[in-house]
Amino acid sequence: MTKPLHDFSKVSNIVADAIGKPGQRHFCLQVSVPDGRSATLWLEKEQLFELAIALTRLMSDIDELPDSSQFSERETVSQTTPLGAKDMHLELKAETVTLSYRKELNLFALAVYVAESSDEDDAPDLYLTAEASVMEAMADGALEVCAAGRPLCSLCNAPIGEESHICPKQNGYARFGI
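Under the working numbering, the first residue of the sequence shown carries the number 319, and numbering increases by one thereafter.
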């Protein structure tokens, strides 16, 4: 991977959020770095949900996460503040988000691409790393935010809006196996 456009090493907080009324919500991840930088990553609901599921699965696949106190400062990713980076805020609409675990650093990593990448060697627009506790809290929050939308019909699993719901399994036009 080539050098990312923005490198947020060892973020302190990632919060999943949704803005708007159910059915018209916009989903995002709000990222904070101890040096004052922050970013808002706009995602589709499905992207946020799949990221949370993938992270949960990845964490369960890692047999035993080492204690972060085992890693000295020299082994962790550099946290130097670039000139003029203090209080910088990025806002990105994520096209692709990749997730990985960097075992040698005991950190999870997200690479965010704004435009669809045709080349595997393209640099991500944002690269961030975080400890397991930060990523686990993000995954839990993301699942909660995704579940907080409109209720689903118990028959067809389609969202039920404020107006009447026309359920294909109830009106006699849909065929389904018995």
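We treat Cβ as the ideally placed atom computed from N, Cα and C, and that holds for glycine.
Within the region 428-491, the runs of beta strand (DSSP E) at least 3 residues long that lie entirely inside it are, in chain order, 444-448. Taking the C-beta atoms as reference points, L323 is found nearer than 8 Å to L444. In the structure shown, D379 adopts helical secondary structure according to DSSP, grouped into three states.
N331: member of the beta strand (DSSP E) spanning N331 to I337, first to last residue. Just so you know, the alpha carbons of T320 and P442 end up roughly 8 Å apart. Straight-line spacing of the CA atoms in L423 and S327 works out to 11 Å. Collapsing the DSSP output to three states places K411 in a strand. Contact check between the region 361-371 and the region 475-485: fewer than three CB pairs, one atom from each, fall below 8 Å, which does not count as touching.
Shown here, T320 sits in coil according to DSSP, grouped into three states, outside any helix or strand. From the listed residues A450, V463, S330 and C464, the smallest Cα separation to G354 is found for S330. Rounded to the nearest angstrom, the Cβ distance from A334 to V463 is 5 Å, consistent with a contact under 8 Å.
The Cβ atoms of V430 and V415 lie closer than 8 Å to each other. Note that the C-beta distance between L446 and L428 is below 8 Å. The closest CA to that of A370, considering only S418, M406 and I337, is found on S418. Secondary structure note for L347: its beta strand (DSSP E) is the uninterrupted segment H344 to S350.
Under DSSP, F426 shares a beta bridge with Y419 and A448. When C-alpha distances from A465 are compared across E454, P477 and L473, the shortest belongs to P477. Within the same chain, and ignoring the five residues on either side of V351 in sequence, the residues whose Cβ sits closer than 7 Å to its Cβ are F326, V329 and S330.
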